[in-house]
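The next block holds one structure in the form of structure tokens; read it before the comments.
Protein chains: 4
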Amino acid sequence: MDTFPELLLAGYRNFMNGRYADARERYRVLAEQGQTPHTLLIACCDSRAAPELIFDCGPGELFVVRNVANMVPPFEPDSQYHATSAAVEYAVQVLKISNIVVMGHGRCGGIKAALDPDMEPLSPGDFIGRWMQLLKPAAEQIQNNDLMTQGERQTALERVSIRNSITNLMSFPFVKTLHEEGELNVHGAWFDISSGELWIMNEAGDFIRPDL
Amino acid sequence: MDTFPELLLAGYRNFMNGRYADARERYRVLAEQGQTPHTLLIACCDSRAAPELIFDCGPGELFVVRNVANMVPPFEPDSQYHATSAAVEYAVQVLKISNIVVMGHGRCGGIKAALDPDMEPLSPGDFIGRWMQLLKPAAEQIQNNDLMTQGERQTALERVSIRNSITNLMSFPFVKTLHEEGELNVHGAWFDISSGELWIMNEAGDFIRPDL
Amino acid sequence: MDTFPELLLAGYRNFMNGRYADARERYRVLAEQGQTPHTLLIACCDSRAAPELIFDCGPGELFVVRNVANMVPPFEPDSQYHATSAAVEYAVQVLKISNIVVMGHGRCGGIKAALDPDMEPLSPGDFIGRWMQLLKPAAEQIQNNDLMTQGERQTALERVSIRNSITNLMSFPFVKTLHEEGELNVHGAWFDISSGELWIMNEAGDFIRPDL
Amino acid sequence: MDTFPELLLAGYRNFMNGRYADARERYRVLAEQGQTPHTLLIACCDSRAAPELIFDCGPGELFVVRNVANMVPPFEPDSQYHATSAAVEYAVQVLKISNIVVMGHGRCGGIKAALDPDMEPLSPGDFIGRWMQLLKPAAEQIQNNDLMTQGERQTALERVSIRNSITNLMSFPFVKTLHEEGELNVHGAWFDISSGELWIMNEAGDFIRPDL
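Chains as they are written, first to last, in our numbering: chain G, -17 to 194; chain P, -17 to 194; chain X, -17 to 194; chain D, -17 to 194.
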């Protein structure tokens, strides 16, 4: 096997001497009693958009799914395996999560790829190409909007995608039912990776900066 | 829309006043120049196993995929969308990542579900049931071992699964090629969520505690 | 006769000048009044797993049986001589011991031999081969688990064997009766000869590290 | 499971903070490279006759068998399991031990039992009774010697038994051969548990105190 990255081992040492040392008892209790996170957070893999950092969360708080462009596919109860759907099902049905947040971010590489009509498959499997098909109709429509700058189209699709994922979430019967009963809240958020600003989605679907 | 969780807004305020304030310039540069994370980290959604905390990583370091039981499916270049495969493809082909770490952890709910022969579908879609099919043959073999305790079987399958995911990673031609050329290193790790101990996979596939 | 090993004589001199000198009175009283050890400790012959060192015990504390792989055979009241059974009988019936500890350890050569299907007899008598038959069914089941590494199978069988020996202990009527009456406690332990860690068996049969 | 004896846990803490801490590297090397003990020491279970204490030995030095009255049975290559024979075979054939020491001691309970013609079985299995049959002819002859005190008969049989065990050791073909070739030395010793004196057997079979 290859030598484990020294950078990660150094970070792990800091963790053990710092955060873990300060929260030793909490880690033990969480291990013994099980996790009861308050939020299912669907975020992007992007190294600049880590939920635990942005929301200053410690162990036990967030159940986190991360995929390219933080997308939730539509409800498809077929025989395939569906990573994101499985995570949503587990969070809602087993962990009884009461909040779901879909968090997108600026300069998302996946969104950028979806907006690029000439993008070549990254490998013969064309996995990103097929994954971003979840957003294709919306991407095409946005890309055709030649009055907007590329940057504006990028931000527009990032936000359209969040609303799209929330719609898909609501297509899961167990999400819909619990939401209607007031047991489960669903939220959208968009993180500006440059300024650090957090924009929250309101009832109309608009993203606004909250009073802090 | 429902009111955004106050807990998350409070954490976000801490972030802005603390970490973000300390690294303002870094966030800006990363936004302008793009991310160049050194590691693709495939971890579990579990709220007790967050990579950025365990490895004390800041923005720009880790490209993170999180799904239930930190699994990498086998290479399947079909017409389906594959969240984890897409993320791996993006990390390797676009971001030119040089390290992949598959990190499992103790008391994994997904692994526990895989070992439960009588588990009912969590919803009519049975998403967790189908997702954990990725591990079914192994789970059955481990579960049949009646000499081991349930705890021992749990740990055994957590580690078998990591080795399994690494094998699946190597079934991606672009991963295999780059690995053979020495351009890409692949690692396994297992995090004890109670003691905070990190176990690293060695050449034999055994998990041992590194000298720190 | 061959010359007594100088190494042992040197060690004996240290003993007389050190430990014995410090505990002279204790040795005398123990000789005159008889031994009243608190624990029967069944350990392996392995030079790295000596109970008096691991538990920092002085004279009079531990009644120690040591055989290859620290095994207790099942209760067999036949006409054969049974070394381990005789020691258990003496400890319980004469010395009225109130604790029995079966202590296994990592990297046990006997366990390794049991897991080796192709191992040749070490001598025409094949004594190790026959002794390890005590564990054969379990060893075969564990060895067939090809998903686990050889290291994982080794540790698994070491612990299965401890549980097995405790079950065999309970098959001795006088042990069973005294245990049921609360007069005799039985424990399992596993010593990591590399890290020095001691793992204690809990009610479920799992080995965990105690709070120290 | 019953609570692990606090006395042993306290001793273990001392071990970790003391002996283990001082010899940490040695334990690790021994674990990785395997054990190469210099002596096979056959001793009694008696809590007052622990070889590691008497010979001030650390990890890796002594391969220790302990049974009641430190006896080696005669060579019997049948289908039964033989604990002591298995340990001797392992020590000589695998570990290539170059010294065997049979160490008896004063006030041995097993020897005392052998000298007691009226001793009742300690349990229906009569394990001690059958185990001490290894010494019965000798015990009867010694016990009939009414000119000696009981204490003198006790010491006499302890030493007869050591010589007897050495004779039995020599009945193992692989021991005999290696001894004749000068590859394996065999020794007898007797430890006075009261005075701490060590008596070594010489060529004539006599036990004398060595010059130290």
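The beta carbon of each residue, even a glycine, is placed where N, CA and C say it ideally should be.
Being a predicted model, the structure only gives us computed values, none of them experimental.
Tell me which same chain residues have a C-beta within less than 6 Å of the C-beta of residue i, skipping the five on either side of it?
i      : result
D/G187 : R145
G/A138 : I124
D/A68  : none
G/I79  : L22 and A73
Taking only beta-carbon atoms, is residue i less than 9 Å away from chain D?
i      : result
X/G91  : yes
X/R141 : no
X/N167 : yes
By how many angstroms is the C-alpha of residue j removed from the C-alpha of residue i?
i        : j        : result
G/P33    : G/E140   : 17 Å
P/V70    : G/D193   : 38 Å
P/E43    : X/R30    : 43 Å
G/T(-15) : P/H64    : 29 Å
G/A5     : X/D174   : 27 Å
P/N167   : D/A13    : 29 Å
P/N81    : D/E7     : 31 Å
X/K94    : X/T21    : 28 Å
X/Q136   : X/S143   : 11 Å
P/T131   : X/A73    : 30 Å
G/E163   : G/A171   : 23 Å
X/F189   : D/L77    : 29 Å
G/N127   : G/A120   : 11 Å
G/P106   : P/Y9     : 34 Å
G/G40    : X/L180   : 30 Å
D/V83    : X/I24    : 21 Å
P/P59    : G/M101   : 18 Å
X/N(-4)  : D/L35    : 10 Å
X/E165   : P/E(-12) : 57 Å
X/V11    : X/P19    : 13 Å
With a cut-off of 9 Å, does the C-beta of residue i fall near any C-beta of chain X?
i      : result
P/M130 : yes
D/T149 : no
D/D98  : no
P/L28  : At residue 28 of chain P the sequence reads Asp, which differs from the Leu that was named. Not one chain X Cβ lies under 9 Å of P/D28.
D/R191 : no
P/S237 : Nothing about residue 237 of chain P can be read from this structure; chain P reaches only from -17 to 194.
P/Q123 : yes
D/V84  : no
P/A69  : no
P/N127 : yes
D/D4   : no
D/M152 : no
D/E58  : yes
Taking 9 Å as the CB-CB limit, is residue i close to chain P?
i        : result
X/E134   : yes
X/D188   : yes
G/W172   : no
G/P119   : no
G/L160   : no
G/T(-15) : yes
X/A138   : yes
G/I144   : no
G/E14    : yes
G/E43    : yes
Within the same chain, show all residues whose beta-carbon is closer than 7 Å to that of residue i, passing over the 5 residues directly before and after it, in chain order.
i       : result
X/L116  : M53 and P55
G/P103  : G111
X/Q125  : L97, P99 and R135
X/I148  : V84, V168 and G170
X/L(-9) : none
X/E122  : none
Once you ignore the five residues that flank residue i on each side, which residues in its own chain have a CB closer than 8 Å to its CB?
i      : result
G/C26  : R48, N49, V50, A51, N52, M85, G86, H87, C90 and G92
X/H161 : M152, N167 and V168
D/S176 : G88 and R89
Would residue i pass as an interface residue toward chain G - the criterion being a Cβ-Cβ separation below 9 Å?
i     : result
P/V47 : yes
P/E34 : yes
Kindly examine the ligand ADP and report whether one of its heavy atoms sits closer than 8 Å to the Cβ of residue i.
i     : result
P/A32 : The model depicted lacks the ligand ADP and carries no ligand whatsoever.
*Would the segment 153 to 165 of chain P and the segment -5 to 14 of chain D be scored as touching if the rule is three or more Cβ pairs under 8 Å?*
no
*Could you give the uninterrupted runs of the alpha helix (DSSP H) lying entirely in the segment 8 to 82 of chain P, keeping only those of 4 residues or more?*
33 to 36 and 65 to 71
*Write down every uninterrupted run of the beta strand (DSSP E) in the segment 139 to 178 of chain X whose length is 3 residues or greater and which is fully enclosed by it, in chain order.*
Here the runs fully enclosed are 167 to 173.
*the segment 156 to 165 of chain P in contact with the segment 102 to 117 of chain P per 3-pair CB rule at 8 Å*: No contact exists between the segment 156 to 165 of chain P and the segment 102 to 117 of chain P.
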